[in-house]
Structures are given as C-alpha cells and as structure tokens.
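Only one structure is covered here, and it is reproduced in the block below.
In the working numbering, the protein residues as written are 1122 to 1545.
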C-alpha cells in the first residue's frame, strides 16, 4: 500500500511539474489572437440577429474576414448572439477543453491499459502535452470550432461504427453541415464500403442543411450561390499558415499558382489515402482510418490554417500506441522518435520563421514543414494489425480481406475482434 501511495504522490508531482513547464512554455511561445475568429462569429451573429443585416454581408471591421460557414453552423451558433462577449469566450474555451479531453481519453486509455500505465496519469500527461500543441493552442486562442468537429467525427468512428450502432454517421453528417471539409469522412465511409453509415451521414448533413435553409432562406441562398465561392473571405493561399498542398503550390508562385499541379498532387494523395484506409478498415483499425482521413483532409483542402491541424492529433497518439505495442528494440524507438519529432515540430512555430520570405530551398522545406508531417503520417502511420487476434479476420464490407484462410475468430476470442486486447 505504501508503495502505491508513493507512486501516486510521484505521479501527482510529475503532472504538476509538467503543467508548470507547459504553462511557462505557453507564456513564451503562444501567440495571443484575442479570440479573433470568435469575434467574427459573434459580430456576424449580432449583426444578423440584432441589427437586421445579412450574416454573409458582415465583415469584421478593418478586415476582409466574415462568416464563412454554412447556414446550419449559424443555427448552431445562434445562442451566441444572446450571450455577453465574456460568456461567449467561456463557452468556446469550455467546448474545446471538454471535447479534447473526451477524445484524448478515448485514444489514450487503451494505450494505458495495454502498457499498464496509471490511467488518470496517462490522461493528465496527454492533456498537458496537447495544451502545448500549436494547432490546439491556436484553436483555443482563435475561438475556433476544430475540436468540436473532430469530436463529432470521432463519436462515429471510435464509438458508434465499431459497435454497429444504426446511428453511426450522424456525427459526420452534422460536422459536414457545420463546416464542409469533414465531408471527406463521408467519402471515407464510401471508399471502405460502409454504405449504411455513409447514407446516414449524407442524410444527416442534407437534413439539417435543409432545415437551416427553411429557417433562413435568404442566408442559405447567399451562402450556396455567393459566399461559398468567394475565396477572398478566408485569406491568402500563399500565407505561411496555409499548410495544405494548395499552400505549397501557392508559395512556389504566389502570383500564378498552378491549379493543374495542385490537382495532380491531390489526386495522388487521395489514391494513397484510399489504399491505406481500406487496409486499415480491413483489420478493424477504425482509429487509424480516422487519423489517415484527418491527415488527408488537411492536405487536400485548399486552405488548412495551422489551427486546423488538430486533426493530426489522433495520428501522433497512434504513433505512440504502435510504439508501445512493438517489441522492445529498434522499431519501438523509431516510432517513439517519429512521434517526438512530429510533436516537437508542431509545438515549435517552425513555419513562421519563413512568414515573410519563403523563397529558396530552405523556404520550400521550412515554410511547408507541417505539410511534410501530414504527408509522412498519411504514408507511414502503421496500421494496427495486431488489434485483431491471430487467426481472425474483421469483416469490412467492400474491403478485400487480408487472410481468407480462417474467417472466424476462436470462440473465446470473438468478443475481442477489432478491439484493443491484452495478451494473457
């Protein structure tokens, strides 16, 4: 008992010390954006609800930035128009913290169980590290909705879909209706042969979009016919914060970026993603499917600001998962080193050294550093085939099975198929 108490005391001290280090790091490294994006949402909703203006006509004073999300997002955010500004900040921060905590718990707790770590300690360490993660701290400082969207998608892919729940897909549909880019996860469901979930996601997205259209016909008409196509509202493509393939191409020639080159890169990236996603689902590794699709979404989206890269968080955690599952030795250290390097780069603000000048070889490599991380994760994140007990195969509709010799798990192991397990 004394040994357990000493261990707990040491862990508490360790978490407090790590939290202090992260706090000091944030005091130095974190840029204060004053909830800039939240001010845009708040101003647009206030203009729309209280001042009689159209929500998509609003621009934040002194800027070119306006409300760029679909009408359903405006419906979801509508209560903000009736809150004091301080209360809106509190709600935004709490939403980011709660959704991030739940997501990290879902991803980290299985690792802690398999590795024999104290579960609360693993979660506390992971949350401290997440707080220093540049995309995460940018999401909070801007007042962005990234973690909410990631959470909605994760509910489907990590909880509902593996259990065969008939509502699987609703979260993806809602996320797509709030911001169009998560629609790539509907494509993921189609590519991996989950037709029912894809139909549910598409139906949810269409249903709530039609609801918003019925409630706000003028705003909906303006979004789908004008605001959606006005790319100037989101910022410059060549800006160093745009860590997508489109940003890479734009920085090669800011005046005349090649659309053809971008499309060729996108097609190649999507082909790689489809192949790897099908392989992941074929062995029941839905978390890796989530991570791969999050990475490809960041790569193929025309605009991926640094704060959007919270979608890379699952991939970094899964690198650690794969490392801890590997036998002690070279492979484990390579995976831990990869996770460490990726994480360190993604807390370092590396790309911003080339904010003003991204010419030359160093500019090409450095200003696109986060893109290279996304590509590396997409290409090399291991698929966790060890999740499926030997001798069993996880059925994935429309996905060729890797081993047809034994299509059923042993009787005593069927409840473990596709789920984290511990070798006894």
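Beta carbons are placed, not taken as given, at the ideal position from N, Cα and C, and that holds for glycine.
These figures come from a predicted structure and were not determined experimentally.
- Using a Cβ distance threshold of 8 Å, residue 1305 and residue 1323 do not count as a contacting pair.
- Taking all protein chains shown into account, residue 1476 has fewer than 16 neighbouring C-beta atoms within 10 Å of its C-beta and is therefore exposed.
- Nearest neighbour of residue 1176 by Cα position, chosen from 1418, 1242, 1167 and 1488, turns out to be 1167.
- Counting C-beta atoms within 10 angstroms of its own C-beta, residue 1335 has fewer than 16 neighbours from the protein chains shown and is therefore classed as exposed.
- Shown here, residue 1189 sits in coil according to DSSP, grouped into three states, outside any helix or strand.
- The three-state reading of DSSP puts residue 1489 in coil, since its state is none of H, G, I, E or B.
- A straight line joining the alpha-carbon of residue 1289 with that of residue 1123 spans about 46 Å.
- Comparing alpha carbon positions, the residue from 1463, 1255, 1434 and 1415 closest to residue 1493 is 1463.
- Counting C-beta pairs with one atom in each stretch, the stretch 1265-1279 and the stretch 1242-1252 have fewer than three that are closer than 8 Å, which means they do not touch.
- Here residue 1454 is exposed. Its C-beta has fewer than 16 other C-beta atoms within 10 Å.
- Here the stretch 1467-1484 makes contact with the stretch 1253-1268; the two share three or more CB pairs at distances below 8 Å.
- Residue 1249 and residue 1346 have their C-alpha atoms roughly 43 Å apart.
- Taking 8 Å as the cut-off, the Cβ atoms of residue 1195 and residue 1340 count as close.
- Contact check between the stretch 1201-1213 and the stretch 1154-1163: three or more CB pairs, one atom from each, fall below 8 Å, which counts as touching.
- In this chain, the alpha helix (DSSP H) harbouring residue 1339 covers 1338-1346.
- Bounds of the alpha helix (DSSP H) holding residue 1255 are 1255-1263.
- If you compare the alpha carbons of 1405, 1400 and 1437 with that of residue 1416, the shortest gap goes to 1437.
- Following the DSSP letters along the chain, one finds residue 1407 inside the alpha helix (DSSP H) bounded by residues 1407-1421.
- With respect to residue 1318, residue 1310 sits close: the two C-beta atoms are nearer than 8 Å.
- Taking a contact to require three or more Cβ pairs closer than 8 Å, the stretch 1213-1233 and the stretch 1391-1400 do not qualify as touching.
- Excluding the 5 residues flanking it on each side, residue 1222 has same chain C-beta neighbours closer than 7 Å at 1248, in chain order.
- Non-local C-beta neighbours of residue 1202 in its own chain, meaning closer than 6 Å and more than five positions away in sequence, comprise 1166, 1167 and 1170, ordered along the chain.
- In this structure, the straight-line span from the alpha carbon of residue 1387 to that of residue 1369 is close to 12 Å.
- CA-to-CA, the gap between residue 1262 and residue 1428 works out to about 9 Å.
- Check the Cα spacing between residue 1125 and each of 1143, 1382 and 1239: the tightest is with 1239.
- In the structure shown, residue 1403 adopts helical secondary structure according to DSSP, grouped into three states.
- The alpha helix (DSSP H) runs lying completely inside the stretch 1207-1234 and spanning 4 residues or more number zero.
- Secondary structure of residue 1447 (DSSP, three-state): coil.
- Our two residues, residue 1152 and residue 1366, have alpha carbons roughly 25 Å apart in a direct line.
- Burial state of residue 1229 is buried, judged by a 10 Å Cβ sphere holding 16 or more other Cβ atoms.
- Its Cα nearest to that of residue 1410, the residue 1283 stands out among 1189, 1174 and 1283.
- With respect to residue 1188, residue 1179 sits close: the two C-beta atoms are nearer than 8 Å.
- 8 Å or more divides the Cβ of residue 1426 from the Cβ of residue 1489.
- Short of 8 Å from the beta carbon of residue 1484, and not among the five residues preceding or following it, lie these beta carbons of its own chain, in chain order: 1372, 1475 and 1478.
- Approximately 22 Å separates the beta-carbon atoms of residue 1260 and residue 1294; this is outside 8 Å, ruling out the contact.
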